[in-house]
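All letters in the sequence shown, in the order written, are residues 3 to 200 by my numbering. In this text, a Cβ means the ideal position worked out from N, Cα and C, and glycines have one as well.
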Amino acid sequence: MTTAQQFIGRLMGFGRNRDGQFHALQEDALAEAAPPEPPTRRHRHGPEPQRIVQEALAAKVLGAWLQNRHQTLFPLTLNLGTLDAGGRALVVRMMVAAADADGGIDEAERDRIGAALDAIGAGEAERRLLPEAMAAPLPLGALLNHVMEARLGPHAYAASLLALDRRSRVNQAWLDYLAARLALPEEVTASLNRRYRA
3 MTTAQQFIGR
13 LMGFGRNRDG
23 QFHALQEDAL
33 AEAAPPEPPT
43 RRHRHGPEPQ
53 RIVQEALAAK
63 VLGAWLQNRH
73 QTLFPLTLNL
83 GTLDAGGRAL
93 VVRMMVAAAD
103 ADGGIDEAER
113 DRIGAALDAI
123 GAGEAERRLL
133 PEAMAAPLPL
143 GALLNHVMEA
153 RLGPHAYAAS
163 LLALDRRSRV
173 NQAWLDYLAA
183 RLALPEEVTA
193 SLNRRYRA
């Protein structure tokens, strides 16, 4: 029995003995000390209904915990102030790579990146890096490897959302590729898409 199932079992036990009377505790103690009952036809043909309920509840508890774990592990707000200099540089370079995904960076995309940098707390160092990153972008494979080594996959995805127009099919294909390449769970990309809906 898993820990989650044991926890659910204890909760169900508390529910049966809510009154806290001595005789209820005594019955539990006697039941635990009693020898096991011989198997009945119900036991031979399948698990007890209580066990089925415990397993179903344990699966739901585990699912909810995993969903909450994703929310705490992956950022919902992109803030360059929380990253070191290397991380901030990677975010800027990811914006450039995203804007360049459709074959070039036009004036509208430059303006979009500039506005996005303002919104996420970029400093002078990131603004100075932007023209350099546009003039000499890193090879995409190397850039994504750096992002994964730095564990900045969700940051890179959020930066891409800010840098490009998602109404373009090419840009949407880029986001799908990026999510797959960075192994981002669907719950994370959906949450980031809601947060940074343009």
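Check the Cα spacing between asparagine 173 and each of Lys62, Pro187, Ala103 and Leu184: the tightest is with Ala103. Separation of leucine 140 and threonine 84 (C-alpha to C-alpha, rounded to the nearest whole angstrom) is 23 Å. Taking C-alpha positions only, alanine 118 is separated from leucine 180 by approximately 19 Å.
Within its own chain, the residues whose Cβ lies closer than 6 Å to the Cβ of alanine 158, once the five positions on either side in sequence are excluded, are Met96 and Val149, listed in chain order. In summary, glycine 155 is buried, with 16 or more beta-carbon neighbours lying within 10 Å of its beta-carbon over all protein chains present. For the pair glutamate 151 and leucine 82, the CB atoms are not nearer than the 8 Å cut-off. Going by DSSP, aspartate 108 is part of no alpha helix (DSSP H) at all; its letter is neither H nor E.
Assignment of glycine 155 by DSSP, reduced to helix, strand and coil, places it in the helix class. Here alanine 161 has Val93, Met96 and Met97 as same chain residues with Cβ atoms under 6 Å from its own Cβ, once five neighbours each way along the sequence are excluded. With contacts defined by Cβ atoms closer than 8 Å, leucine 194 and leucine 145 do not form a contacting pair. Contact between leucine 142 and alanine 99 is confirmed by a C-beta separation of about 6 Å, below the 8 Å threshold.
DSSP, reduced to helix, strand and coil, places serine 193 within a helical segment of the structure shown.
Within 10 angstroms of the beta-carbon of glutamate 111 lie 16 or more other beta-carbons, which makes it buried. The closest CA to that of tyrosine 198, considering only Arg53, Gln52, Leu80 and Ala61, is found on Leu80. Burial is judged here by how many other beta carbons sit within 10 angstroms of a residue's own beta carbon; isoleucine 54 has fewer than 16 and is exposed. In the displayed model, threonine 79 falls within coil according to three-state DSSP, outside both helix and strand. Taking every protein chain shown into account, the CB of glutamine 52 has fewer than 16 other CB atoms within 10 angstroms, so this residue is exposed. When DSSP states are grouped into helix, strand and coil, arginine 168 belongs to the coil group. Boundaries of the alpha helix (DSSP H) harbouring leucine 132: 126-137, taken from the DSSP string. In the three-state reduction of the DSSP assignment, aspartate 120 falls in the helix class, which pools H, G and I.
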